[in-house]
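In the numbering used here, the protein residues as written are 1 to 225.
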Amino acid sequence: MFGTGVSDLTVYDWPTEDGLRGGSPHLHTLCAEAYAVVAGSGAVQTLTWNGYEETALAPGSVVRFTPGTVHRLVNGGGLRIVVLMQNSGLPEAGDAVLTFPPDVLADPARYARAARSDPRERRDLAVEGFLRLRAGGRPAFASFLEAAAGIVAPRLDAFEARWRDGPLRAAETTGAQLAALRGGDLTHLREAAVARLPAVPRDGMCGHLMTYPADSRDLPDRGRA
Numbered sequence: 001m002f003g004t005g006v007s008d009l010t011v012y013d014w015p016t017e018d019g020l021r022g023g024s025p026h027l028h029t030l031c032a033e034a035y036a037v038v039a040g041s042g043a044v045q046t047l048t049w050n051g052y053e054e055t056a057l058a059p060g061s062v063v064r065f066t067p068g069t070v071h072r073l074v075n076g077g078g079l080r081i082v083v084l085m086q087n088s089g090l091p092e093a094g095d096a097v098l099t100f101p102p103d104v105l106a107d108p109a110r111y112a113r114a115a116r117s118d119p120r121e122r123r124d125l126a127v128e129g130f131l132r133l134r135a136g137g138r139p140a141f142a143s144f145l146e147a148a149a150g151i152v153a154p155r156l157d158a159f160e161a162r163w164r165d166g167p168l169r170a171a172e173t174t175g176a177q178l179a180a181l182r183g184g185d186l187t188h189l190r191e192a193a194v195a196r197l198p199a200v201p202r203d204g205m206c207g208h209l210m211t212y213p214a215d216s217r218d219l220p221d222r223g224r225a
C-alpha cells in the first residue's frame, strides 16, 4: 500500500570468526534501506564499488544506503534498530543476496540451500564470504555483483509485478489525489481510516525481527530473509 517496509530489529549477539558479533552481510539489488538506532551500540560495515567503510551506530543515529551496498551489522551491545526499507515486499521476495563464498554463489541449488539454512549457520557462511570479498578488492566485488544479478534474474518479472502493485501504485495514487485536490474533490480525505498492522516475529538475516506487513503477500519467507 505504501511501498515502504518497517521492522523492529534486535541484532544478533552471536560471535563470528573475526571475533565480532552481529548479522549476515548481504546486499539488495533494488531496495534502498535506512537504519534508525533506538538502543545499544555497534556499527555497520559496508562494501561498495568505492571500497570498505565502517559507520558507528548509537541511539539517534540514522544511516541510509542504496542498492548494491553490501552491509553487515555489528552488535557492540544491545543494538536495536528500526529498519525502513524501500519497495516493501521485494526483500521478502528474494531481493537480498547474501555474501556467501564464490563456490556457493556459483551454484543456484547450493545457494538456495544455504540461504534457507539455520540462521546462525547462514550468518557464519555469509561472514566467511564477506571477509574474502573485503580482502579481494574491486575485482572480487565486481564478481560478486555479477553473481548477485544472476541469482535474482529469475525473479525479476515477479519483482516488477510487486513494484507495479505496490510502490508504483502508491505514487500514482498520490498523483490522483493531487489532481483531485486541485479540482476541489475531497473524497479521499473523507475516506480517511486508521489500521493497526500485525506484528510478525521471525529470525532475519541480521537479527530477531518484528515485521509489520501491510499486505498478506509481504508475510516473510523465513528462509530468505
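All residues carry an ideal CB built from backbone N, CA and C; glycine is no exception.
Supposed close pair residue i, residue j - CB separation, criterion 8 Å
i	j	result
G22	N87	Contact flag wrong, Cβ pair sits at about 24 Å.
V44	V63	6 Å
W14	R122	Going by Cβ atoms, the distance from W14 to R122 rounds to 11 Å, so no, they are not a contact pair.
M205	A112	Not confirmed; about 15 Å, so no contact.
G42	L27	Rounded, the Cβ-Cβ distance is 19 Å, inconsistent with contact.
P101	H71	About 18 Å; that fails the 8 Å criterion.
G78	G19	Their Cβ separation, rounded to whole angstroms, is 18 Å, which puts G78 and G19 out of contact at 8 Å.
V82	A36	5 Å
T99	F144	7 Å
Neighbourhood of residue i by C-beta, 6 Å cutoff - its chain only, sequence neighbours within 5 removed
i	result
H208	T10
P167	G3 and N87
T48	T69
Q177	H188
G5	M85 and S88
L73	V11, G22, G23, V44 and C206
A140	L133
L219	Because L219 sits at a pLDDT of 45, beneath the cut-off of 50, its placement in the model cannot be relied upon, and the following sentence gives the value as read from the coordinates. Closer than 6 Å at Cβ, skipping near neighbours: P213.
E54	A43 and Q45
F159	L90
R80	T10, V38, A39 and G40
A171	none
Delimiting residues of the beta strand (DSSP E) encompassing residue i
i	result
P59	Taken as a continuous stretch (DSSP letters only), P59 belongs to no beta strand (DSSP E), as it is neither H nor E.
D203	V200 to D203
L9	T4 to V11
V44	E33 to T48
T16	Careful: T16 lies outside any beta strand (DSSP E) and carries neither H nor E.
G207	G207 to T211
L27	H26 to H28
Proximal residues to residue i (C-beta, below 7 Å), its chain only, five neighbours per side dropped
i	result
G223	The predicted model places G223 with a pLDDT of 36, which falls under 50 and marks its position as unreliable, so this point remains unresolved.
A180	T187 and H188
A231	The structure shown has nothing for residue 231, since the chain only spans 1 to 225.
P59	V37, V38 and A39
Unbroken alpha helix (DSSP H) run spanning residue i, endpoints
i	result
T174	R169 to R182
E160	L156 to W163
T187	T187 to R190
Own chain, CB closer than 8 Å to residue i, minus 5 neighbours either side, in chain order
i	result
P198	Y212 and P213
Y52	Q45, T46 and R134
D124	T16 and E17
R162	N87, G89, L90, A93 and R217
Proximity test, Cβ basis, 8 Å: residue i and chain C
i	result
G23	The structure shown contains no chain C; it is built from a single protein chain.
Task: Contact the stretch 52-68 vs the stretch 24-34: 3+ CB pairs below 8 Å - done: yes
TODO: Please specify which runs of the alpha helix (DSSP H), each continuous and at least 4 residues long, are wholly inside the stretch 53-119, giving them in chain order.
DONE: 102-105 and 108-115
Task: the stretch 129-137 / the stretch 96-105 touching (three or more Cβ pairs under 8 Å) - done: Yes: at least three Cβ pairs fall under 8 Å.
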